[in-house]
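Asks: Residue numbers (the numbering used here), protein chains in the order written: chain R, 2 to 354; chain S, 2 to 354.
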């Protein structure tokens, strides 16, 4: 959310502390990837530009504050919040960002994506081979850092989450072009692919501040829900968005045979006749990817989904999940930090990219 | 080396113990990959057939015995050796095999390989996407297992080694089609790609038995050398071998623009005229991959390399490195286990696949 959120004035001191904390995370990230092998250093420099909102490390830092007994007092007295973050918080922030980067790099290979954050992807620029190995390098670096700075529990949780994420990707791949994909399976995929790492980020931050199990679990649930809502919003952006605004390839999901929530809803709601037309349009899209025919098919598809109320339905689902996420936050005492976390959850829904 | 080595009679009890130990490693490996997601379970079943010699876990077990104060006594009295391996030895055996599997799966994507252990590769059967994610899943599972059963030192070493391996792959990729690749860079690549994990296997086994640092370091050097010799032998097999004997795609190295030790030697030794011809043949190979023209070019290339003494040179290099590896074993007291390890080192050179 760095530089993206416009926070209310009362939350500005937290925002400033987070920005300073993220700089420490970035320094740790860069240190961990330092290498004396020039081609490796080259590739690592390339992915620096992928660094965007740093949502996951931000959540490590925020939950680290939220669960810290001294945070509210410091905030009230105007004292520095940054010293509450130990090397463990900072290291874990770098770890979750590194795992995220690795999945971005590998996802771009899987999706044949050419643009990410307004720059060329590693696979487009250096080939799939370099992208596959760079992803492996980032994963290895994340695990190494995790073993270096953290408790065994954190390392275990990171390994477990990475397994969950990969199994979510495999599940999604298995259901590619499966036009009968149902909502529970959709949610299972999204929870694993996106929810798991955001949930991990929230639980790691709180645990590193010594939070009790109930708090850690509630914050993990908060993060998972936030991740799911984030992904539904991503689906909507992929469908409706413009490449120039989002800064990455759009309308890839359908071309790659990935069913999104609005489409699942539309296929369930449509009359047999309209359902038949929707299926034909999806097929056209998958077969004539990136041609004018595909562009027309998407526009037609979006119009039909809108008529069926599927766009509104997906948006409402995301909002309901964000509400559920915010309810999980009641485990925390009222505080400006809690307000800030709530505020970030709302931002998931409001974002335009 | 399971089922491959014909060990002298005096070493049979060790061989039997290793076979029983490897069964425990396999059980641990399978347990770690258990999942209730059917498409993930499917893919994991597929890679079971990749399990071959299990060289790396074998070395964890062997060095675990070699560094164990009670091993020789037990062997002399005919007592069971297997109880000397703790859950740590077994878990680490599964970890190194899992890391190895992950690199095989990703390597096959990079190499467009279609055959591995006489079966179709994951990428050939299920596509590159499934292979990339399956590799990630295996890596995550390895790190998770490592954090679950081991000392932080072991987890750190595994993360560090995985970084070294990926950087070796990136270095190799960087030098693809670089016909001026020199021997030091070749050795750097091979040491990272193959030596590092075999060295790790040897050091982990010894450390888990409580060996002192000097022993752990010497065994790591032994393993790295063994890995390098193994790779040179692989280069030779790729050049001279037949697919039916080796059970995986052959002559891929040259087609993929990877320089091997015999070719580096030949390019250095050849007269300007022959060098020009060699370079043309390599180019033909890379451009007309899998055509009759490529087959003829390889045969011609091998004949030229043989004339220049390059095949013998590479073979002699591998033998010298195995000798150096065996010299590192002098850190261990004389024992049948040490003899067995020496024997395995010789087998690297003698193997036909």
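Each residue gets a CB set at the ideal place from its N, CA and C atoms; glycine is no exception.
Name, please, each residue of chain A whose Cβ falls closer than 7 Å to the Cβ of residue 229 (chain R).
Replies: Of the protein chains in this structure, namely R and S, none is chain A.
Asks: Of the residues S:18, S:33, S:44, which one's Cα is nearest the Cα of residue 59 (chain S)?
Replies: Looking up residue 59 (chain S) in the second chain gives position 58. The shortest Cα separation from residue 59 (chain S) among S:18, S:33, S:44 belongs to S:18.
Asks: To test your reading of the DSSP string, which unbroken alpha helix (DSSP H) runs of 4 or more residues are found completely within the region 20-62 of chain R?
Replies: Secondary structure in the region 20-62 of chain R: the alpha helix (DSSP H) runs of 4 residues or longer, each lying completely within the stretch, are 39-48 in chain order.
Asks: Please identify, using Cβ separations under 7 Å, the residues of the region 35-63 of chain R that lie next to chain S, in order along the chain.
Replies: 36, 38, 40, 41, 44
Asks: Can you tell me the Cα-Cα spacing of residue 40 (chain R) and residue 172 (chain S), whole angstroms?
Replies: Stepping through the first chain from its first residue, residue 40 (chain R) is reached at position 39. Stepping through the second chain from its first residue, residue 172 (chain S) is reached at position 171. Approximately 6 Å between the Cα atoms of the pair.
Asks: Count the other CB atoms, across all protein chains shown, that sit within 10 Å of the CB of residue 245 (chain S); report buried if there are 16 or more and exposed otherwise.
Replies: On the second chain, position 244 is the one that residue 245 (chain S) refers to. Since pLDDT at residue 245 (chain S) reaches only 46, below the 50 mark, its modelled position is unreliable, and the value read off the structure follows with that caveat. When all chains shown are included, residue 245 (chain S) counts as exposed.
Asks: Between the C-alpha atoms of residue 153 (chain S) and residue 153 (chain R), what's the straight-line distance to the nearest angstrom?
Replies: Here residue 153 (chain S) refers to the residue found at position 152 when the second chain is read from its first residue. Here residue 153 (chain R) refers to the residue found at position 152 when the first chain is read from its first residue. Their backbone Cα atoms lie some 8 Å apart in a straight line.
Asks: Looking at chain S, is there any beta carbon in it that lies within less than 7 Å of the beta carbon of residue 133 (chain R)?
Replies: Reading the first chain from its first residue, position 132 is the one you call residue 133 (chain R). Yes, its Cβ sits closer than 7 Å to a Cβ of chain S.
Asks: Under 8 Å Cβ to Cβ from residue 133 (chain S), same chain only, skipping five residues before and after it: list those, please.
Replies: Translated into the one-based positions of the second chain, residue 133 (chain S) becomes position 132. The residues are 107, 110.
Asks: Could you tell me whether the Cβ of residue 160 (chain R) comes closer than 7 Å to any Cβ of chain S?
Replies: One-based indexing of the first chain puts residue 160 (chain R) at position 159. The beta carbon of residue 160 (chain R) falls within 7 Å of a beta carbon belonging to chain S, placing the residue at that interface.
Asks: Using the beta-carbon count (16 or more within 10 Å), is residue 82 (chain S) buried or exposed?
Replies: Here residue 82 (chain S) refers to the residue found at position 81 when the second chain is read from its first residue. Per the 10 Å Cβ criterion, buried.
Asks: So, under 8 Å CB-CB, residue 209 (chain S) and residue 87 (chain S) are touching, yes? Tell me the CB distance rounded to an integer number of Å.
Replies: As a working mapping, residue 209 (chain S) is identified with position 208 in the second chain. As a working mapping, residue 87 (chain S) is identified with position 86 in the second chain. Sure, about 7 Å apart at Cβ, within 8 Å.
Asks: Distance, Cα to Cα, residue 343 (chain S) vs residue 136 (chain S)?
Replies: What you label residue 343 (chain S) is simply residue 342 of the second chain in a count that begins at 1. What you label residue 136 (chain S) is simply residue 135 of the second chain in a count that begins at 1. Going by the C-alpha atoms only, they are around 32 Å apart.
Asks: For the putative contact between residue 349 (chain R) and residue 223 (chain R), defined by C-beta atoms under 8 Å, what is the C-beta separation to the nearest angstrom?
Replies: Residue numbering aside, residue 349 (chain R) sits at position 348 when the first chain is read from its first letter. Residue numbering aside, residue 223 (chain R) sits at position 222 when the first chain is read from its first letter. With a Cβ gap of about 12 Å, residue 349 (chain R) and residue 223 (chain R) do not count as contacting.
Asks: Would you list the one or two residues that DSSP bridges to residue 206 (chain S)?
Replies: As a position in the second chain, residue 206 (chain S) is number 205, starting the count at 1. None; residue 206 (chain S) has no bridge partner.
Asks: My output table needs one value for residue 211 (chain S): the three-state DSSP class, helix, strand or coil.
Replies: Locating residue 211 (chain S) in the second chain gives position 210, where the first residue counts as 1. Three-state DSSP puts residue 211 (chain S) in coil, outside helix and strand.
Asks: Between the region 315-348 of chain S and chain R, which residues of the former have CB atoms less than 9 Å from a CB of the latter, in chain order?
Replies: none
Asks: Apply the 10 Å Cβ neighbour rule to residue 31 (chain S) and answer buried if 16 or more other Cβ atoms are within range, or exposed otherwise.
Replies: The count along the second chain starts at 1 and reaches residue 31 (chain S) at position 30. With fewer than 16 Cβ atoms within 10 Å of its Cβ, residue 31 (chain S) is classed as exposed.
Asks: Tell me which residues share the same chain as residue 94 (chain S) and place their Cβ nearer than 7 Å to its Cβ, disregarding the 5 neighbours each side in the sequence.
Replies: Stepping through the second chain from its first residue, residue 94 (chain S) is reached at position 93. Correct list, in chain order: 26, 58, 61, 62.
Asks: To the nearest angstrom, how far is it from the Cα of residue 294 (chain S) to the Cα of residue 241 (chain S)?
Replies: Residue mapping note: residue 294 (chain S) aligns to position 293 of the second chain, counting from 1. Residue mapping note: residue 241 (chain S) aligns to position 240 of the second chain, counting from 1. About 17 Å.
Asks: Would you mind working out which of R:339, R:103, R:51, R:49 sits nearest residue 198 (chain R), comparing C-alpha positions?
Replies: For the purposes of this step, residue 198 (chain R) is identified with residue 197 of the first chain, where counting begins at 1. Measuring from the Cα of residue 198 (chain R), the nearest candidate turns out to be R:103.
Asks: Using a Cβ-Cβ cutoff of 7 Å, what residues of the region 94-123 of chain R are near chain S? List them in chain order.
Replies: 107, 110, 111
Asks: Using 10 angstroms around the beta-carbon of residue 225 (chain R), count the other beta-carbons present and answer buried if the total reaches 16, otherwise exposed.
Replies: Indexing the first chain from 1 puts residue 225 (chain R) at position 224. Buried, by the Cβ-count rule.
Asks: If you count every other CB in all the chains shown that lies within 10 Å of the CB of residue 263 (chain R), and 16 or more means buried, which is it?
Replies: Walking along the first chain from the start, residue 263 (chain R) turns up at place 262. Residue 263 (chain R) is buried by the Cβ-count criterion.
Asks: Using a Cβ cut-off of 7 Å, which residues of the region 137-151 of chain S contact any Cβ in chain R, in chain order?
Replies: 137, 138, 140, 141, 142, 144, 145, 148, 149
Asks: According to DSSP, is residue 120 (chain S) helix, strand or coil?
Replies: The residue you call residue 120 (chain S) lines up with position 119 of the second chain. Residue 120 (chain S): strand per DSSP, three-state reduction.
Asks: Identify each residue in the region 166-200 of chain R for which the Cβ-Cβ distance to at least one residue of chain S is less than 7 Å, and report them in chain order.
Replies: 167, 168, 170, 171, 172, 174, 175
Asks: Name the two residues that bound the continuous alpha helix (DSSP H) containing residue 85 (chain S).
Replies: Taking the second chain and counting its residues from 1, one reaches residue 85 (chain S) at position 84. Note, residue 85 (chain S): premise wrong, no alpha helix (DSSP H); not H, not E.
Asks: Is residue 157 (chain R) close to chain S? Criterion is C-beta to C-beta, closer than 7 Å.
Replies: Sequence index remark: in the first chain, residue 157 (chain R) carries index 156 (1-based). Yes, residue 157 (chain R) counts as interfacial toward chain S.
Asks: Name the residue from S:285, S:345, S:259 whose alpha carbon lies nearest to the alpha carbon of residue 324 (chain S).
Replies: Residue 324 (chain S) sits at position 323 when you count from the first residue of the second chain. Residue S:345 is the option with its Cα nearest to residue 324 (chain S).
Asks: Could you give the C-beta distance for residue 221 (chain R) and residue 206 (chain R), rounded to a whole number, given that I count them as a contact under 8 Å?
Replies: By one-based count along the first chain, residue 221 (chain R) stands at place 220. By one-based count along the first chain, residue 206 (chain R) stands at place 205. With a Cβ gap of about 10 Å, residue 221 (chain R) and residue 206 (chain R) do not count as contacting.
Asks: To the nearest angstrom, report how far apart residue 336 (chain R) and residue 203 (chain R) are at their CA atoms.
Replies: Within the first chain, residue 336 (chain R) is the residue found at index 335, counting from 1. Within the first chain, residue 203 (chain R) is the residue found at index 202, counting from 1. Distance from the CA atom of residue 336 (chain R) to the CA atom of residue 203 (chain R), rounded to whole angstroms, is 17 Å.
Asks: Using only the alpha-carbon positions, how far apart do residue 11 (chain S) and residue 79 (chain S) sit?
Replies: In the second chain, the residue the question calls residue 11 (chain S) occupies position 10. In the second chain, the residue the question calls residue 79 (chain S) occupies position 78. Going from the Cα of residue 11 (chain S) to the Cα of residue 79 (chain S) covers about 12 Å.
Asks: Pick from S:175, S:101, S:65, S:327: whose alpha carbon is nearest that of residue 259 (chain S)?
Replies: In the second chain, counting from the first residue as 1, residue 259 (chain S) sits at position 258. Of S:175, S:101, S:65, S:327, the residue nearest in Cα terms is S:175.
Asks: Could you work out which residues of chain S lie near residue 164 (chain R), taking near to mean beta carbons separated by less than 7 Å?
Replies: Residue numbering aside, residue 164 (chain R) sits at position 163 when the first chain is read from its first letter. Going along chain S in sequence order, the residues near residue 164 (chain R) (Cβ under 7 Å) are 138, 141, 142, 145.
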